[in-house]
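>
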Amino acid sequence: MKLARSTLFQFNAIGVDRLLEVDSDLQIILVNLSAKEINDVIENTQNVIDRIEQYEKPEDSITPAMQWSEIWSHARFGQHQGNGIAIWQTENGCPPNTFMANYNRVAGANTQHSRDMATIIRSVSPLANIQCRGGPIFPTNAQANTPNPQVQIVSRSNNNGINPNAYNNQDQTWDDRIYNSLLTATQSSGNTQNAVISPGKALNAITVGNVDIDANPDVIWFTSGWQDSVLGTEKPDVGAPGEGTALPAPNGPTGGTSAATAHTAGFIANLMDFDASLIRNPQRTKALLLSGATTSVIGGTSKVGAGGIDYRNTSQHYQTYDFDGPNINWNAFDAADGNLDGWITVTKWLQNNKPNVRAAIAWMSRGVFVNTNAVPSTDYDIEVYDPNGNYVGGSHSRVNTFELVDVTVSISGNYQFKINRFANPDPASRVALALSVNFDN
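Position in the sequence shown (first residue = 1) + 109 = this note's numbering.
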C-alpha cells in the first residue's frame, strides 16, 4: 500500500516492521498492512494522511531491449514471431516442463539462469518452440530433426573458460557441428572483460557481445568479451541488448552476454519465420544479420562486431544470394555471370534515394581444418563497383569468415558486387558462401 502524507515526522502510527520504503522528497511511504490495520491507521492519524492507494510492485520488463533491437514494433506484434521454428537452448541447466508453454526440457536441473534465458527467448519470439538441454551440448541430428517443429537455432548463453586465447577442441566441435548440421548457432562472447571464451571463438557461430542500452550513446559493456584468439578472427560478430536489459523473472533483472545471446536467438527465429530461405543455411543467416546490424555502438568493431542488431534494417529491404556446393563448384559460380575471371559477380539496381547500403558475405569453415592449420578453410574478398565501373568499396581481411562493406549510393543504377576466392587452402571444404545486400540502412 502507498500512503501520501503531508508531514512525515508527524506520522508515527505504523510500526517499523510494516515499513517497506520511505521517500521523503515525494512524501510517500510504502507499508504492508492488513485491511484491519488500514482502518486503524485511518482512525488514528487525524488527517495526517492525504490519501491511501493500492501499490503494486513494478514488474521488470524486457520491452526496452526489444524496442532497442526494433523487435517490438516490427516483429513482436506482427505475423512473424518464430512460428514453426524450434530453438535449442543449452547451458548448465533447464527450467522444468511446467515453466512455460511450447517448451520441452530434454535434460538438466532447474536453474535461475536457464529460466531467465528461456524467458528472454520467449519474450522476443513468442511463437518459437524451445527445446532445452542442460549440459551444454550441441544437438545431435536426431535431436534437431525429431521435434515438430524441427530445431533450426542453437542458443548457448554460457562459456568454457579453458585456454581463453586458443582456438580449442570445443571451438572445433561447434564449428564442425554447425558446418555439418546446417543449424544456426548464437553464442555469448563471455563476461571476461577481455578474451572471448570458447566456444565463442567458433568461426561458424554468431558470437554476441553485450550492449549497454541505458547509456547515451549506446556503448559496449566493459565486461563483454572481445579480444581475438590466436587465429586473429574478429569476435564478437554483433552486439545485442544485455546490460540495462530488465527481465521479467522471479529474482529480478538479469543481463550480460547471456541475455544478449538469448535475445539474438529469438531475433533470428523471427527472421526465419519471415524468410524460410534462412532455414538450415547458417552462412546466409549470418550474412543477413551482419548486413542489417547497423545500430551504432561505441567501442569499435573489435568489441562490437558489425554493430547492434536491428530488426527493421535487417528485414525490410534486402536481397540474399547463396553459393553452396562442393569446392569444385567455385568455377561454375564464377562463370554464371558469363565470365570465368576468378570473380562471382552479382548485379543489383540501387537508387540514390536510399543511399546507405551495406553488403556482407559470410561463409563456413571446417573446424577440424581450422584447428590443425590455424586459418579458415577459405578466404573470400568483396569489392563493389558503381554503374560507371568505379570502385566504391571493398573488404579484404585474411582471418575472418565474413567481409563487410558500407557503400554510399551517389548515383542510381546497376552496382556490381564482386566476390573473389583469394585463398582455398582446404579443398575438402564446401564453398558454403552467401551474400546479403541491405539497401535501406
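Every residue, glycine too, gets a C-beta built ideally from N, C-alpha and C.
(1) Excluding the 5 residues preceding and the 5 following M381 in the sequence, name in chain order all residues of the same chain whose CB lies nearer than 7 angstroms to its CB.
(2) Tell whether a beta-carbon distance below 8 angstroms holds between Q279 and P308.
(3) Can you tell which of H426, K412 and L142 has its C-alpha closest to the C-alpha of L398?
(4) Quick one: Cα of A541 to Cα of N499, how far?
(5) Please tell me whether T301 and P345 are closer than 8 angstroms, where the distance is taken between their beta carbons.
(6) Hey, A216 and R242: beta-carbon distance below 8 angstroms or not?
(7) Checking the sheet assignment: what are the DSSP bridge partners for V546?
(8) Name the DSSP bridge partner or partners of Y489?
(9) Which of helix, strand or coil does DSSP assign to R539?
(10) Y524 and P496: beta carbons closer than 8 angstroms?
(11) Is the separation between the beta-carbon of K457 and that of W335 shorter than 8 angstroms?
(12) Thinking just about the alpha-carbon of each residue, which of Q176, A532, G447 and Y430 is nearest to the one in N390?
(13) Is it buried or exposed, N379, if we count other Cβ atoms within 10 angstroms and call 16 or more buried?
(14) Compare the Cα-Cα distances from V479 to each of T403, K310, S519 and P326 and report the closest residue.
(15) By DSSP, does P167 sit in helix, in strand, or in coil?
(16) Within a Cβ cutoff of 6 angstroms, which residues of the same chain sit near D323, ignoring the five residues on either side of it in sequence?
(17) Using only the alpha-carbon positions, how far apart do I151 and I161 sit?
(18) Our contact map puts I306 next to N268 with C-beta atoms below 8 angstroms; I'd like the distance itself, whole angstroms only.
(19) What does a CB cutoff of less than 6 angstroms around G502 pick up in its chain, not counting 5 residues either side in sequence?
(20) Decide yes or no for the touch test of the region 438–451 against the region 198–207: beta carbon pairs closer than 8 angstroms, at least 3 of them.
(21) Alpha carbon to alpha carbon, how far is R185 from N509? Give it in angstroms, no decimals.
(22) Mapping the DSSP letters down to three states, classify D321 as helix, strand or coil.
(23) Given a cut-off of 8 angstroms on the beta-carbon distance, is the pair G318 and G364 in contact?
(24) Using only the alpha-carbon positions, how far apart do H222 and I491 sit?
(25) Out of curiosity, what's the CA-to-CA distance linking R539 and D433?
(26) Rounded to a whole number of angstroms, what is the C-alpha to C-alpha distance between V455 and T366?
(27) Nearest by alpha-carbon distance to F531: which of F548, N461, S519 and W439 is it?
(28) If I'm right that F376 touches I180 with Cβ under 8 angstroms, what's the distance once you round it to whole angstroms?
(29) Taking its Cβ as the centre, do 16 or more other Cβ atoms sit within 10 Å of K395, making it buried, or is it exposed?
(30) How would you label K527, buried or exposed, when you count the other beta carbons within 10 angstroms and need 16 or more for buried?
(31) Return the CA-CA distance between P173 and L340, expressed in angstroms with no decimal places.
(32) Quick check on the DSSP output: the beta strand (DSSP E) that includes A294 runs from which residue to which?
(33) How would you call P359, buried or exposed, if buried means at least 16 neighbouring beta carbons within 10 angstroms?
(34) In whole angstroms, what is the alpha-carbon distance linking P435 and A304?
(35) Please report the residue range of the beta strand (DSSP E) in which E152 lies.
(36) Which one of P273, G270 and N313 has the shortest CA to CA distance from I470?
Result, derived from the coordinates:
(1) To locate residue 381, count along the sequence shown from 1; it is residue 272. Hits under 7 angstroms: I194, Q261, L387 and I388.
(2) As a working note, residue 279 is residue 170 in the sequence shown. As a working note, residue 308 is residue 199 in the sequence shown. Going by C-beta atoms, Q279 is nearer than 8 angstroms to P308.
(3) Taking the sequence shown and counting its residues from 1, the one referred to as residue 398 is at position 289. Comparing Cα-Cα distances from L398 to each of H426, K412 and L142, the minimum goes to H426.
(4) Numbered from its first residue, the sequence shown carries residue 541 at position 432. Numbered from its first residue, the sequence shown carries residue 499 at position 390. Answer to the nearest angstrom: the Cα atoms are 29 angstroms apart.
(5) By one-based count along the sequence shown, residue 301 stands at place 192. By one-based count along the sequence shown, residue 345 stands at place 236. Cβ distance not < 8 angstroms, so T301 and P345 don't count as in contact.
(6) Working through the sequence shown from its first residue, we reach residue 216 at position 107. Working through the sequence shown from its first residue, we reach residue 242 at position 133. For A216 and R242, yes; Cβs fall inside 8 angstroms.
(7) To locate residue 546, count along the sequence shown from 1; it is residue 437. Partner(s): Q428 and A468.
(8) Residue numbering aside, residue 489 sits at position 380 when the sequence shown is read from its first letter. BP columns for Y489 point to R530.
(9) Along the sequence shown, one-based indexing puts residue 539 at 430. In the structure shown, R539 sits in coil (DSSP, three-state: anything other than H, G, I, E or B).
(10) Translated into positions along the sequence shown, residue 524 becomes position 415. Translated into positions along the sequence shown, residue 496 becomes position 387. Closer than 8 angstroms, so yes.
(11) Looking up residue 457 in the sequence shown gives position 348. Looking up residue 335 in the sequence shown gives position 226. Going by C-beta atoms, K457 is not nearer than 8 angstroms to W335.
(12) Along the sequence shown, read from residue 1 onward, the residue named residue 390 stands at position 281. Minimum Cα distance to N390 is reached at Y430.
(13) Residue numbering aside, residue 379 sits at position 270 when the sequence shown is read from its first letter. Buried, because 16 or more other Cβ atoms sit within 10 Å of the Cβ of N379.
(14) The residue labelled residue 479 in the question sits at position 370 within the sequence shown. Out of T403, K310, S519 and P326, K310 has the C-alpha closest to the C-alpha of V479.
(15) For this step, residue 167 is matched to residue 58 along the sequence shown. Model confidence at P167 stands at a pLDDT of 48, short of 50, so the residue's coordinates are unreliable; what they give is reported in the following sentence. Three-state DSSP puts P167 in coil, outside helix and strand.
(16) Here residue 323 corresponds to residue number 214 of the sequence shown, with the count starting at 1. Only G353 meet the Cβ criterion.
(17) Residue numbering aside, residue 151 sits at position 42 when the sequence shown is read from its first letter. Residue numbering aside, residue 161 sits at position 52 when the sequence shown is read from its first letter. Approximately 9 angstroms, taken between the alpha carbons.
(18) Working through the sequence shown from its first residue, we reach residue 306 at position 197. Working through the sequence shown from its first residue, we reach residue 268 at position 159. Contact flag correct, Cβ pair sits at about 4 angstroms.
(19) Sequence index remark: in the sequence shown, residue 502 carries index 393 (1-based). Correct list, in chain order: V493, V514 and V516.
(20) no
(21) Here residue 509 refers to the residue found at position 400 when the sequence shown is read from its first residue. Here residue 185 refers to the residue found at position 76 when the sequence shown is read from its first residue. Spanning the two alpha carbons is a distance of roughly 33 angstroms.
(22) The sequence position of residue 321 within the sequence shown is 212, counting from 1. If DSSP states are grouped into helix, strand and coil, D321 belongs with the strands.
(23) For this step, residue 318 is matched to residue 209 along the sequence shown. For this step, residue 364 is matched to residue 255 along the sequence shown. No, the Cβ-Cβ distance between G318 and G364 is not below 8 angstroms.
(24) Within the sequence shown, residue 222 is the residue found at index 113, counting from 1. Within the sequence shown, residue 491 is the residue found at index 382, counting from 1. Roughly 41 angstroms between the two C-alpha positions.
(25) Numbered from 1 along the sequence shown, position 430 holds the residue referred to as residue 539. Numbered from 1 along the sequence shown, position 324 holds the residue referred to as residue 433. R539 and D433: Cα-Cα distance of roughly 7 angstroms.
(26) As a first step, residue 455 is located in the sequence shown; it is residue number 346 there, counting from the start. As a first step, residue 366 is located in the sequence shown; it is residue number 257 there, counting from the start. Computed Cα separation, rounded: 36 angstroms.
(27) Reading the sequence shown from its first residue, position 422 is the one you call residue 531. Ranking F548, N461, S519 and W439 by Cα distance to F531 puts W439 first.
(28) If you number the sequence shown from 1, residue 376 lands on position 267. If you number the sequence shown from 1, residue 180 lands on position 71. Yes, F376 and I180 are in contact; Cβ-Cβ is about 6 angstroms, under 8 angstroms.
(29) Here residue 395 refers to the residue found at position 286 of the sequence shown. With 16 or more Cβ atoms within 10 Å of its Cβ, K395 is classed as buried.
(30) The residue you call residue 527 lines up with position 418 of the sequence shown. K527 comes out buried.
(31) Counting from one through the sequence shown, the residue named residue 173 turns up at place 64. Counting from one through the sequence shown, the residue named residue 340 turns up at place 231. Each residue's Cα considered, the two are about 36 angstroms apart.
(32) Here the question's residue 294 lines up with position 185 in the sequence shown. Looking at the DSSP string, the run of the beta strand (DSSP E) that includes A294 is T293 to S297.
(33) Stepping through the sequence shown from its first residue, residue 359 is reached at position 250. At P359 the pLDDT is 47, less than 50, meaning the model places this residue with poor confidence and gives no usable figure here.
(34) Taking the sequence shown and counting its residues from 1, one reaches residue 435 at position 326. Taking the sequence shown and counting its residues from 1, one reaches residue 304 at position 195. If I take the Cα positions, the gap works out to 34 angstroms.
(35) Counting from 1 along the sequence shown, the entry for residue 152 is found at position 43. First-last for E152: A144 to N153, but that is the alpha helix (DSSP H), not the beta strand (DSSP E).
(36) For the purposes of this step, residue 470 is taken as residue 361 along the sequence shown, with counting starting at 1. Comparing C-alpha distances from I470 to each of P273, G270 and N313 shows the shortest one belongs to N313.
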